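Some notes on the structure that comes next.
Residue numbers (full-length UniProt numbering), protein chains in the order written: chain A, 1 to 821; chain B, 1 to 411.
Rendered as structure tokens:
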């Protein structure tokens with residue numbers, strides 16, 4: 001066959017494409033009626049041409065009637081090509097499909113079983129609704145055909161019919177016919193197709209019957225049967241063992257799909273029997289390992305994902321098999337990543353040394369991503385507290401490798417390590433002190449280094465001078481995270497070594513106050529005022545005594561892992577996410593956030609960067625409750641117990657977390673304090689707080705109100721006033737999620753307690769408190785509903801301070817109208 | 001599974017097969033190709049609309065889409081099967097072969113899957129239904145003026161008790177060959193310690209036997225095997241009770257079983273690399289030799305040496321075999337061939353590092369390849385095979401070969 005001409009897929013519109021089609025059309029017409037010898041060969045060539053056009057994406061549907069006319073032939077290959085063509089275009093042109101019915105029905109009575117079968121298959125594959133009536137007859141006779149092939153096709157045909165017209169299927173008694181067939185027909189091929197076809201009808205059929213026949217099915221059908229068995233709940237333990245004994249040899253099947261399906265059955269059946277469940281793990285280990293080493297790379301990967309899941313769930317059971325997770329040089333990086341995670345998980349007292357040795361070899365790996373990953377793995381193992389001594393040495397060796405990315409990763413780890421094991425500080429600090437700050441470029445690493453400089457200022461002789469270097473290049477520092485950390489580090493250093501650091505702190509504060517980034521500016525202002533208030537107070541807030549972190553928050557909650565585990569042998573395992581996280585998304589439109597998905601959504605969001613208290617939810621009451629619950633759990637998880645304050649770097653703001661301190665005065669008189677002179681600061685007169693304060697109303701900078709109390713107040717108080725504001729187009733454009741507005745309102749001392757919604761509709765609950773108010777009083781509560789497309793904002797105010805409401809409303813209005821400007 | 005595409009090595013759609021009512025638009029292929037930029041995409045990914053499975057064989061991408069959740073291995077296994085079948089039918093998988101025979105490929109895909117679920121994937125059954133495009137049938141079609149390349153005989157295997165075998169196989173010379181193929185998976189660390197040594201083995205069989213023979217195979221030392229997996233034809237009970245393989249073989253070539261042997265101790269060869277670098281110069285010496293003589297010739301020995309990126313030029317010589325390098329990949333290949341018994345091949349010389357580099361910062365990993373014919377490194381031995389249920393006594397042949405598949409030397 002000549003190779004197809006290089007047409008572009010759209011070439012139907014080009015003249016040459018049209019010309020060729022017209023030519024084919026006339027040629028086919030000429031051949032249709034001809035009975036000359038050799039005409040079949042000519043037809044075949046033409047058909048091939050048509051199909052090759054179809055294959056490369058050219059629309060050849062205009063030839064439909066000619067193709068059908070030519071199909072009256074005894075040549076099987078011609079028939080097949082014609083069926084292929086018809087099958088491809090009938091769906092798009094149901095009117096044309098009618099044309100083919102006749103000749104397909106005729107073929108269904110052909111003398112050759114092959115043709116009968118093929119015709120029946122094509123007929124069923126047309127799947128055009130209005131042709132259902134033509135299907136029933138051929139299907140019925142197909143099921144009774146003398147040849148197994150035709151019966152097989154017919155069974156699948158019934159399934160296809162069921163998809164387009166379930167009623168027609170039931171009306172014609174097909175389910176009963178299928179049931180009868182399976183008992184009567186000894187044909188293993190048919191059993192198989194029966195199962196794949198019939199599974200949808202007889203889902204609840206006697207499973208056991210199927211299990212006993214499992215060996216007669218094809219490997220694919222076995223997968224389906226096993227899938228069914230996995231959902232079966234045995235009546236008593238004996239039945240469980242019977243099933244497992246029966247299926248045990250399936251673990252040695254050459255087809256990995258069968259093995260995995262069997263493993264799923266085993267795991268599901270023994271879920272409630274802890275000891276047997278353990279034995280199952282032991283039993284399935286070897287087959288899984290064999291699959292990993294036997295199959296193609298693609299199979300290995302999928303099996304490895306499942307193995308990964310099991311290892312994460314029961315690391316102890318795999319701790320002696322750690323060598324299987326050693327990375328090969330030639331493994332693609334996604335496989336290496338999985339293996340690294342498994343190595344990390346299975347580390348225990350006995351194998352830590354070897355695993356860490358192995359991981360250290362990867363640190364010198366050519367693949368930078370993997371080198372980083374392996375250093376992180378070493379750190380994770382260290383945090384699991386096995387044999388820390390050796391690991392600390394390794395980490396410190398990494399620092400001596402003098403590769404920028406290795407140093408960067410290691411610094412972050414050493415920082416975490418010190419937070420957990422302060423007792424190692426001497427060894428670590430000695431080495432970290434030698435790290436030249438010039439070699440540290442990455443923001444995270446810089447922040448880590450700064451944290452250590454601040455925290456261990458006493459142990460590192462040159463800490464103030466290194467910090468000084470950083471402060472001098474403040475303007476060049478791009479990452480706000482680093483600037484924040486630098487500020488804190490300088491402050492901490494100041495508390496420890498005041499004489500040397502005093503100047504630097506002044507410079508740092510000055511730089512922070514004129515910083516363009518809101519958070520840096522705010523923190524600078526906060527420190528400045530704290531220092532004004534008194535150095536001891538400031539130290540108490542900025543640098544309180546810390547407890548060693550016992551547990552770091554895990555990235556994936558165990559609940560999610562459990563969910564994935566329930567979905568063993570599904571795609572969820574490969575994605576390492578439960579199916580609701582990716583399955584729903586594609587069907588989820590902007591407004592399809594129904595109540596039952598909302599809980600799922602909040603899990604998704606909170607696992608990302610969103611703060612739990614701001615999770616997406618539509619239901620107000622639920623939202624408030626769940627927010628307060630989550631607050632509690634979050635408090636337990638996040639090590640340093642930072643409360644509802646939003647800061648860009650959760651891990652590094654140790655001192656700042658404790659904002660339960662009584663409200664610090666936000667509007668201090670601007671008279672210059674002694675500390676100003678001390679630090680050599682001169683604040684410009686138009687410092688931001690003067691614009692914040694409205695004449696008669698001064699808001700508390702750090703009001704305390706927990707979601708429960710908010711909810712109670714909200715219920716008690718009547719709506720004091722309702723107003724509508726129009727938003728600017730910039731504001732609407734900025735409001736892609738709740739976060740920006742929250743941050744914005746916070747700068748106006750109005751705090752958000754809960755928010756939710758999806759573009760274009762958002763809902764927020766804000767609150768504020770007037771300063772100097774006695775505890776539990778002087779609150780302003782606001783419900784704010786924003787529609788971004790209409791650029792409209794509806795605000796409901798409630799307050800127990802009704803005489804100040806007007807001025808608060810003015811503050812709120814100006815705040816919200818300033819958003820995005 | 002909704003559909004399948006075959007993509008050539010530049011992303012062009014060569015073939016499209018839809019199995020479900022709703023056709024999948026082929027734009028998914030260009031989406032996939034955009035993702036697949038570096039050819040480093042995991043074999044299962046999620047597109048915005050479909051789950052996309054793919055495997056790559058000889059540069060051809062087999063791509064399948066599914067709209068619903070399904071066992072991932074079902075998809076991947078099926079694609080592997082399709083690739084195997086096509087390659088068996090066409091004698092390989094290349095763009096030209098597929099384009100020349102696309103009618104056959106369409107027919108195969110039609111029989112292998114229907115309504116989105118695998119149907120007939122046994123190659124022997126398929127061959128009964130669709131004749132492979134061999135030279136004979138091509139000749140025939142030329143001579144007789146076009147008999148079809150499809151059997152009009154009934155596909156008998158679909159009704160036999162052994163779906164993998166048709167009942168009326170006839171040979172004038174009955175013969176069966178067993179190949180023991182073992183692959184070594186070895187990691188030697190920087191200090192020369194063996195940290196991992198495993199053997200993965202397969203028994204491949206070529207059976208040309210008439211009738212329905214039942215074969216039994218016993219091993220001299222089955223206890224060394226760690227884990228096994230079998231072709232569906234192997235009966236489970238005899239293995240459980242006597243570690244004995246009993247099976248009715250498929251016709252032709254197939255993989256009877258695969259196994260794993262763990263915790264082996266003695267590698268046949270040693271590799272001693274030494275790198276010492278100072279002042280921008282790196283001295284290299286790699287010594288290779290026989291450690292434990294397996295008793296057979298170690299052949300086809302090669303050593304791949306990926307050059308660290310900081311190496312600017314090299315000047316290396318070997319006292320045995322020759323060194324070649326491919327300019328693009330920065331990998332040296334040292335071909336030793338037959339391992340000499342009287343001396344140890346040595347590669348030595350210097351490498352110049354790039355300007356500004358004082359010493360080597362990356363540690364290359366050496367990959368060793370070799371083959372040993374006539375021996376199974378795991379030590380597994382086939383004791384005897386019996387053929388029953390037939391009147392003839394066939395010719396039996398046994399072979400063994402060990403290969404270094406993943407033999408890594410870290411430096």
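Just so you know, even glycine gets a beta-carbon here, dropped at the ideal spot from N, CA and C. Since the structure is predicted, the reported quantities are computational estimates derived from the model, not experimental observations.
Burial state of residue i, where buried means 16 or more other Cβ atoms lie within 10 Å
i, result
"residue 526 of chain A", "buried"
"residue 242 of chain B", "exposed"
"residue 291 of chain B", "exposed"
"residue 543 of chain A", "buried"
"residue 30 of chain A", "exposed"
"residue 492 of chain A", "buried"
"residue 389 of chain A", "exposed"
"residue 53 of chain A", "buried"
"residue 301 of chain B", "buried"
"residue 394 of chain A", "buried"
"residue 700 of chain A", "buried"
Pick from the options that is closest to residue i, judged by C-alpha positions
i, options, result
"residue 779 of chain A", "A/772, A/767, A/111 and A/819", "A/767"
"residue 380 of chain B", "B/260, B/304 and B/277", "B/260"
"residue 712 of chain A", "A/799, A/46, A/180 and A/310", "A/799"
"residue 189 of chain B", "A/465, A/292, A/697 and A/329", "A/329"
"residue 64 of chain B", "B/97, B/90, B/102 and B/6", "B/6"
"residue 32 of chain B", "B/67, B/23 and B/44", "B/44"
"residue 748 of chain A", "A/763, A/810, A/707 and A/706", "A/810"
"residue 330 of chain B", "B/181, B/306, B/168 and B/322", "B/306"
"residue 377 of chain B", "B/286, B/230 and B/224", "B/224"
"residue 185 of chain B", "B/191, B/194, B/199 and B/84", "B/199"
"residue 345 of chain B", "B/319, B/131, B/335 and B/168", "B/319"
Neighbourhood of residue i by C-beta, 7 Å cutoff - its chain only, sequence neighbours within 5 removed
i, result
"residue 398 of chain A", "363, 375, 406 and 410"
"residue 814 of chain A", "none"
"residue 372 of chain A", "405 and 409"
"residue 505 of chain A", "490, 491, 494 and 679"
"residue 150 of chain B", "Residue confidence for residue 150 of chain B is low, a pLDDT of 45 falling below 50, so the modelled location carries little weight; the figure read from the coordinates is stated next. Closer than 7 Å at the Cβ level, and outside the excluded window around residue 150 of chain B, lie 130 and 131."
Residues of its chain near residue i, where Cβ-Cβ distance is below 8 Å and the 5 sequence neighbours each way are ignored
i, result
"residue 108 of chain A", "116, 119, 120, 123, 138, 141 and 142"
Cβ neighbours of residue i in the same chain (closer than 6 Å, five flanking residues each side left out)
i, result
"residue 18 of chain B", "3"
"residue 203 of chain A", "At residue 203 of chain A, the pLDDT of 43 sits below 50, so the modelled position is not reliable; the number obtained from the coordinates is stated separately. So no residue of the chain qualifies."
"residue 731 of chain A", "819 and 820"
"residue 512 of chain A", "487, 520 and 524"
"residue 317 of chain B", "349"
"residue 277 of chain B", "359 and 360"
With a cut-off of 8 Å, do at least 3 Cβ pairs link the segment 3–12 of chain B to the segment 801–814 of chain A? Taking 8 Å as the limit for Cβ pairs, the verdict is that the segment 801–814 of chain A does not touch the segment 3–12 of chain B.
Ignoring anything shorter than 4 residues or poking outside the segment 2–60 of chain B, list the alpha helix (DSSP H) runs there in chain order. DSSP runs (the alpha helix (DSSP H)) wholly in the segment 2–60 of chain B: 27–35.
Please confirm if the segment 780–795 of chain A is in contact with the segment 722–731 of chain A, defined as three or more CB-CB distances below 8 Å between the two stretches. Counting Cβ pairs under 8 Å, three or more are found: they touch.
Suppose only complete runs of 4+ residues qualify. What are the alpha helix (DSSP H) ranges in the segment 431–517 of chain A, listed by chain order? Look at the segment 431–517 of chain A and you find these whole runs of alpha helix (DSSP H), each 4 residues long or longer: 443–455, 463–472, 480–496 and 498–513.
Can you check the segment 734–799 of chain A for any beta strand (DSSP E) of at least 3 residues that lies completely inside it and give the ranges in chain order? Scanning the segment 734–799 of chain A from its first residue to its last, the whole beta strand (DSSP E) runs of 3-plus residues come out as 751–758, 761–769, 779–787 and 792–799.
Run through the segment 74–142 of chain B for me and flag every whole alpha helix (DSSP H) of 4 or more residues, listed as ranges in chain order. Qualifying alpha helix (DSSP H) stretches, in chain order: 95–100, 102–112 and 123–129.
Within 8 Å, do at least three Cβ pairs link the segment 49–56 of chain B to the segment 78–95 of chain A? Flag = no, the segment 78–95 of chain A and the segment 49–56 of chain B do not touch.
Contained alpha helix (DSSP H) runs [length at least 4] in the segment 294–353 of chain A, N- to C-terminal order: Whole alpha helix (DSSP H) segments, 4+ residues: 297–313 and 333–346.
For the segment 382–400 of chain B against the segment 169–182 of chain B, do three or more pairs of beta-carbon atoms, one drawn from each stretch, fall closer than 8 Å, so that the two count as touching? Because the criterion of three Cβ pairs below 8 Å is met, the segment 382–400 of chain B and the segment 169–182 of chain B touch.
Count Cβ pairs between the segment 228–237 of chain A and the segment 256–271 of chain A that sit closer than 8 Å; are there 3 or more? Counting Cβ pairs under 8 Å, three or more are found: they touch.
Validate contact between the segment 112–120 of chain B and the segment 52–61 of chain A using beta carbons, cut 8 Å, 3 pairs: When Cβ pairs closer than 8 Å are counted between the two stretches, the segment 112–120 of chain B is seen not to touch the segment 52–61 of chain A, the count staying below three.
The segment 330–339 of chain A contacting the segment 296–308 of chain A, beta-carbon criterion three pairs below 8 Å: Of all C-beta pairs linking the segment 330–339 of chain A to the segment 296–308 of chain A, three or more are shorter than 8 Å, placing the two stretches in contact.
Per the contact definition of three or more C-beta pairs closer than 8 Å, is the segment 263–275 of chain B in contact with the segment 289–299 of chain A? With a cut-off of 8 Å on Cβ pairs, the segment 289–299 of chain A is not in contact with the segment 263–275 of chain B, counting fewer than three such pairs.
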